[in-house]
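**Q**
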Amino acid sequence: MTNIEKIKKSKKRFKKILVISYIAFAALILVSIYMLHVRISSQESLKHFLNNTTQNSIQKQRYIDNFLSRSSNLIKAILSNDEFSSFARTGKNKKIAQDLFYSMIKIDKSYMQLRYIDSNGNEIIRFDRKDIGTKVFKQTDLQNKSKRYYCKKCASLKKSEIWFSNIDLNIEHGKIEKPIKPVIRVSIPVFDKNRYLGFLILNVFMKRYLNDLTESSIYDLYLCDLSGNFLISKNPKNNWSKYLNKKINALNEFDIKKEDFSKNTYFSKKHRYFIKTLKISGYNNLKLIYFENLKQKKLTSQLIQQRVLTTVLFAIFISFPFAYLVSFPISKLYDSLEEEAERIAKEANNLEIRVQVEIEKNHAKDRLLENQAKLAALGEMIGNIAHQWRHPITRLSLIMQNLKSLYDNKKLTSEMFNKYYKNSLEQIDYMSETIEDFRNFYREDKEKSLFNPSLAIGNAYKIVNASIKHEGINLSLHVKDKFSVLGFANQFSQVILNIIQNAKDALEEKNIKNPYIDITLYQKDGKNIIEIRDNAGGINKDIIDKIFDAYTTTKQKTGTGIGLYMSKTIIKENFNGNLYAKNWDDGAIFVIELDSKV
Ligand SMILES: Nc1ncnc2c1ncn2[C@@H]1O[C@H](COP(=O)(O)OP(=O)(O)OP(=O)(O)O)[C@@H](O)[C@H]1O
Ligand SMILES: [Mg+2]
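Written as structure tokens, this is what we have:
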């Protein structure tokens, strides 16, 4: 995988991680916001519930107070009426008193009954109404009520003291009247100075008031007596539960402790209800229980949902630019990294192209060098041919001169002519043989073969032997170990020839006495070694490290500096071996190392 791909992959991975962590982070925030909201909202809604129910219960109490004062004002008004007082005292002008009662009961359609009962319990004046809103009529069937509890109660009242009964169901002839009629009695005693004459008593239909008390759009309201019996329940079947066979009680129904129920107000956080005591008078109280109704609960949860949704939307809306801002510099970093990697890749590509161009140039150079080497070899060959031919040509010209002088002096016999003729042919044969040797030597090998290195060295020797002999150089071959070499035999001979030629050049240049070239074949450390040693004084130290480079030469006019370069190339590439040189005391040693396993 290239670096750019790696960066791209890592960038992708980074984006993936960013998206995942963003989602995880957002989810975490959202969940925390949600939890916080739910908590805050439920606390808030509890607070609201408590505040609102408290407010509402105050209004309910006011409503009750209002009703009670209106009722008590009515009987107080009758009591303070002069016509009624004189009637109560004297029994005179009953008609006027009756008219007063009639006009008073008509004030409110909920007034059920208005009576004056004397101290013996006899009903003196009585006006009735059958149901709320029905017509008022004067009751003529007056009864004695001395046995009723309220008669006794009223006889014990102090002057101007108003008494309210419990709110209870109306009883007719000892039975609860059906349909049920919740009723309250309000009464005040009538005195003549300190003499108790009787009492005024007003019965009020309470159905409407009780309905008003328990009426609410946001709460389920229950009205109970102090023992927890329902007067009004959310389920109408449980209304007036104290009269039901199976007694149903708010304390059991809502799991309320007696001591909590007896408090003036009580708020249950856990069950979310609020209890308020409604005062009717000093002794008969009611309990109002508030529950949040379903609709309200739904509204509250809707409110929470709405809030959470708004916050979530807001969080999402905000988090996008935030995520962008966070990822922007890193993205930028990746971009510039990518750019840089691309630039480097491009440069590497260019470099590759440049290297290829250089390689191509090198190939061209190699080809040039090869050609130059061939030219040099040709020059050397011609030089060597000239050496080889020098003697036969000299001999031929001597023969020609001898023949001419013998002929001029008329001393040429047929015997002599034949001798010279034979000798000439020998010289010409020798020359054509030399040409053949050279032709063979410089012929290109067609294929690799296993050959004897001694023979290849012999072929090289044939090329230079004339000039070597001419210089008086002693060339010897020592075969310590016999081995074969795999490769192109002629190339190998050419390498040997190059080295011998160099040694010959050095020996000649330095004019060495007793010059020699020793070639030794031996095996060492699993290698086949051909060592060529001379006593020409050694390789110049300034160039010893560079003699295998092309164009390194000390022979300004005659040398090209390619001989050793080509030799090393051949040994390395075609023989898979090594060629190196070193000096010894008297001269140079060239070593060809070949793999013996070949
Ligand atoms: N036997 C040797 N003794 C001393 N110097 C040597 C010997 N062989 C090579 N050299 C040095 O190494 C140089 C390089 O040899 P190389 O054969 O590559 O080129 P050259 O002989 O100068 O020219 P040519 O291309 O004609 O062979 C020679 O010029 C010479 O200075
Ligand atoms: Mg040379």
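One gets this note's numbering by counting positions in the sequence shown from 1 and adding 7 to each. Every residue gets a Cβ at the ideal spot worked out from N, C-alpha and C, and that includes glycine.
How about Y273 and L228: do their beta carbons lie closer than 8 Å?
**A** In the sequence shown, residue 273 corresponds to position 266, counting from 1. In the sequence shown, residue 228 corresponds to position 221, counting from 1. No, the Cβ-Cβ distance between Y273 and L228 is not below 8 Å.
**Q** Determine, using beta carbons only, whether N521 comes closer than 8 Å to chain D.
**A** Of the chains in the structure shown, none is chain D; there is only one protein chain.
**Q** Just verifying my parser: in three-state terms, what is the DSSP assignment at Y157?
**A** Within the sequence shown, the letter at position 150 stands for residue 157. It is helical.
**Q** Determine the DSSP secondary structure at L410, reduced to helix, strand or coil.
**A** Along the sequence shown, read from residue 1 onward, the residue named residue 410 stands at position 403. Looking at L410 - three-state DSSP - the assignment turns out to be helix.
**Q** Just to confirm the assignment, what range does the alpha helix (DSSP H) spanning S93 have?
**A** The residue given as residue 93 occupies position 86 in the sequence shown. Unbroken alpha helix (DSSP H) run through S93: 89-97.
**Q** Return the CA-CA distance between Q66 and N292, expressed in angstroms with no decimal places.
**A** Translated into positions along the sequence shown, residue 66 becomes position 59. Translated into positions along the sequence shown, residue 292 becomes position 285. The alpha-carbon atoms of Q66 and N292 are separated by roughly 16 Å.
**Q** Which one of A95, Y157, L295 has the shortest CA to CA distance from Q62?
**A** As a working note, residue 62 is residue 55 in the sequence shown. Closest option to Q62, Cα to Cα, is L295.
**Q** In the structure shown, what three-state DSSP assignment does K152 receive?
**A** Numbered from its first residue, the sequence shown carries residue 152 at position 145. Of the three classes helix, strand and coil, the one that applies to K152 here is coil, per DSSP.
**Q** Under a three-way DSSP split, which group does M213 fall into?
**A** As a position in the sequence shown, residue 213 is number 206, starting the count at 1. Three-state result, M213: coil.
**Q** Can you check DSSP and say which residues form a bridge with F198?
**A** Position 191 of the sequence shown, counting from 1, holds the residue named residue 198. DSSP lists Y203 as partners of F198.
**Q** Within 7 Å: the Cβ of T5 and any heavy atom of ligand 1?
**A** Outside the displayed range of the chain (8 to 605) lies residue 5, so it cannot be described from this structure.
**Q** In chain order, which beta strand (DSSP E) runs of at least 3 residues are fully inside the region 454-542?
**A** 456-458, 481-486, 492-494, 523-531, 534-541, all fully within the region 454-542.
**Q** Ligand 2 and N505: does the residue's C-beta get closer than 7 Å to at least one heavy atom of that ligand?
**A** Here residue 505 corresponds to residue number 498 of the sequence shown, with the count starting at 1. The answer is yes for N505.
**Q** Determine the direct distance from the alpha carbon of I183 to that of G235, and round the result to whole angstroms.
**A** Along the sequence shown, read from residue 1 onward, the residue named residue 235 stands at position 228. Along the sequence shown, read from residue 1 onward, the residue named residue 183 stands at position 176. Spanning the two alpha carbons is a distance of roughly 21 Å.
**Q** Between G494 and K455, which are expected to be in contact by the criterion C-beta below 8 Å, what is the C-beta distance as a whole number of angstroms?
**A** Residue numbering aside, residue 494 sits at position 487 when the sequence shown is read from its first letter. Residue numbering aside, residue 455 sits at position 448 when the sequence shown is read from its first letter. 5 Å between Cβ atoms; contact.
**Q** At a cut-off of 7 Å, would you count N6 as near ligand 1, judging by its Cβ distance to the nearest heavy atom?
**A** Only positions 8 to 605 of the chain appear in this structure, which leaves residue 6 out of reach.
**Q** Would you decide whether V471 is buried or exposed? Buried here means 16 or more other CB atoms lie within 10 Å of its CB.
**A** In the sequence shown, counting from the first residue as 1, residue 471 sits at position 464. V471 comes out buried.
**Q** Along the alpha helix (DSSP H) that carries E580, what are the first and last residues, could you check?
**A** Position 573 of the sequence shown holds residue 580. From DSSP, the alpha helix (DSSP H) with E580 extends over 570-582.
**Q** Just the C-alpha distance for M423 and S431, rounded to the nearest angstrom, thanks.
**A** Locating residue 423 in the sequence shown gives position 416, counting from the first residue. Locating residue 431 in the sequence shown gives position 424, counting from the first residue. Answer to the nearest angstrom: the Cα atoms are 12 Å apart.
**Q** With hydrogens ignored, establish whether the beta-carbon of G545 is closer than 7 Å to any heavy atom of ligand 2.
**A** Numbered from 1 along the sequence shown, position 538 holds the residue referred to as residue 545. No, Cβ of G545 sits at least 7 Å from all heavy atoms of ligand 2.
**Q** Between the Cα of E260 and those of F237, K339, I287, F281, spot the shortest distance and give me the residue it belongs to.
**A** As a working mapping, residue 260 is identified with position 253 in the sequence shown. Checking every option, the nearest Cα to that of E260 belongs to F237.
**Q** Given the structure, does E10 come close to ligand 2, in the sense that its CB is under 7 Å from one of the ligand's heavy atoms?
**A** Taking the sequence shown and counting its residues from 1, the one referred to as residue 10 is at position 3. Note that residue 10 corresponds to Asn in the displayed sequence, not to Glu. Every heavy atom of ligand 2 is 7 Å or more from the Cβ of N10, so no.
**Q** Confirm the yes/no value for this check: CB of S498, any heavy atom of ligand 2, distance under 7 Å.
**A** Position 491 of the sequence shown, counted from the first residue, corresponds to residue 498. In the sequence as displayed, the identity of residue 498 is Gln instead of Ser. Incorrect: Q498 has no Cβ contact closer than 7 Å to ligand 2.
**Q** Determine the extent of the alpha helix (DSSP H) in which L432 is found, giving its start and end residues.
**A** Position 425 of the sequence shown holds residue 432. 421-448 is the span of the alpha helix (DSSP H), which, as asked, contains L432.
**Q** Going by other Cβ atoms of all chains shown within 10 Å of its Cβ, with 16 needed for buried, is P336 buried or exposed?
**A** Start at 1 with the first residue of the sequence shown, and residue 336 comes out as number 329. Exposed, because fewer than 16 other Cβ atoms sit within 10 Å of the Cβ of P336.
**Q** Suppose you measure from the CA of V486 to the CA of K418; what does that come to, to the nearest Å?
**A** Taking the first residue of the sequence shown as 1, we reach residue 486 at position 479. Taking the first residue of the sequence shown as 1, we reach residue 418 at position 411. Rounded to the nearest angstrom, the two C-alpha atoms are 54 Å apart.
**Q** Please report the distance separating the alpha-carbon of K13 from that of I503.
**A** Sequence index remark: in the sequence shown, residue 13 carries index 6 (1-based). Sequence index remark: in the sequence shown, residue 503 carries index 496 (1-based). If you take the alpha carbons of K13 and I503, they lie about 55 Å apart.
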